[in-house]
Amino acid sequence: MIVSAGEVGHSIIVAPQDLASFVKADFVDILEGN
Numbered sequence: 690m691i692v693s694a695g696e697v698g699h700s701i702i703v704a705p706q707d708l709a710s711f712v713k714a715d716f717v718d719i720l721e722g723n
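In our numbering, the protein residues as written are 690 to 723.
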């Protein structure tokens, strides 16, 4: 995942799991309702 570093022309590449761990987030499945 490429994330903006806050300045034009600057970005960082970070693994999605590393970003989720940093912000204390969880991954969940998205379910479609009928």
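The beta carbon of each residue, even a glycine, is placed where N, CA and C say it ideally should be.
Since this is a predicted model, take the numbers as computed values, not measurements.
What does the alpha-carbon distance come out to for the pair residue i and residue j?
| i | j | result |
| --- | --- | --- |
| A714 | G695 | 21 Å |
| G698 | F711 | 23 Å |
| V692 | L720 | 26 Å |
Under 8 Å Cβ to Cβ from residue i, same chain only, skipping five residues before and after it: list those, please.
| i | result |
| --- | --- |
| M690 | I702, V703, A704, P705, L708 |
Beta-carbon within less than 7 Å of residue i's beta-carbon, same chain only, minus the 5 sequence neighbours each way: which residues are those?
| i | result |
| --- | --- |
| S700 | I691, V692, S693, A694 |
| F716 | A709 |
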